[in-house]
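The block underneath contains the structure these notes are about, expressed in structure tokens.
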Amino acid sequence: MGDRQPQQDTSTPAASDRIPLKHVASGATDCKDVGNFKHDGQQKEGKTVEKLLVELIDLQRSQIQSKAGKDEKIKNDWKLAAAVFDRMLLIFLGIVLVGGTFIFVLIFASV
Numbered sequence: 001m002g003d004r005q006p007q008q009d010t011s012t013p014a015a016s017d018r019i020p021l022k023h024v025a026s027g028a029t030d031c032k033d034v035g036n037f038k039h040d041g042q043q044k045e046g047k048t049v050e051k052l053l054v055e056l057i058d059l060q061r062s063q064i065q066s067k068a069g070k071d072e073k074i075k076n077d078w079k080l081a082a083a084v085f086d087r088m089l090l091i092f093l094g095i096v097l098v099g100g101t102f103i104f105v106l107i108f109a110s111v
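For the sequence shown, the numbering used here begins at 1 and goes up steadily by one.
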């Protein structure tokens, strides 16, 4: 009876069996430490967690790219509006310049 060792509590994994927080916080997709579990069930769970983290990171990247694409589209729309307004002012001021010159010549040429 003296050589019997006390049983370990396997209901909660030890700190060494958990996913290192540095992988979760840094957003790294290369989680090499995730597979280092003692129990097969925990190893499968770790791979599932790794897949979920990778999917979340990919989703976040795609949302950032989508937002950047929307911002670029809005920026291009404003560039087009500015170009149209600029062209309208060019035509209007050209007409005013030519018309004003013509009126000026008519008034002072007759004197």
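Just so it is clear, CB atoms sit at the ideal spot from N, CA and C, and this is done for glycine as well. This one's a predicted model, so the numbers in the text were calculated from it and none came from an experiment.
Open item on the list: By the three-class DSSP mapping on this structure, what secondary structure does SER16 have?
Closed with: For this step, residue 16 is matched to residue 16 along the sequence shown. For SER16, the predicted structure reports a pLDDT of 49, less than 50, and the residue's modelled location is therefore unreliable. A value from the coordinates is still provided. The answer is helix: DSSP assigns SER16 an H, G or I state.
Task: Cβ neighbour criterion (16 or more within 10 Å) applied to GLU50 - done: As a working note, residue 50 is residue 50 in the sequence shown. Around the Cβ of GLU50, a 10 Å sphere holds 16 or more other Cβ atoms; the residue is buried.
Task: For VAL96 and LYS73, the rounded distance between their alpha carbons - done: Residue mapping note: residue 73 aligns to position 73 of the sequence shown, counting from 1. Residue mapping note: residue 96 aligns to position 96 of the sequence shown, counting from 1. So the two alpha carbons sit approximately 35 angstroms from each other.
- [ ] Have a look at GLN60 and ARG87 and give me their C-alpha separation to the nearest angstrom.
- [x] Taking the sequence shown and counting its residues from 1, the one referred to as residue 60 is at position 60. Taking the sequence shown and counting its residues from 1, the one referred to as residue 87 is at position 87. For GLN60 and ARG87, the distance between alpha carbons rounds to 41 angstroms.
- [ ] Give the secondary structure of SER66 by DSSP, where H, G and I count as helix, E and B as strand, and everything else as coil.
- [x] Numbered from its first residue, the sequence shown carries residue 66 at position 66. In the structure shown, SER66 sits in a helix (DSSP, three-state: H, G or I).
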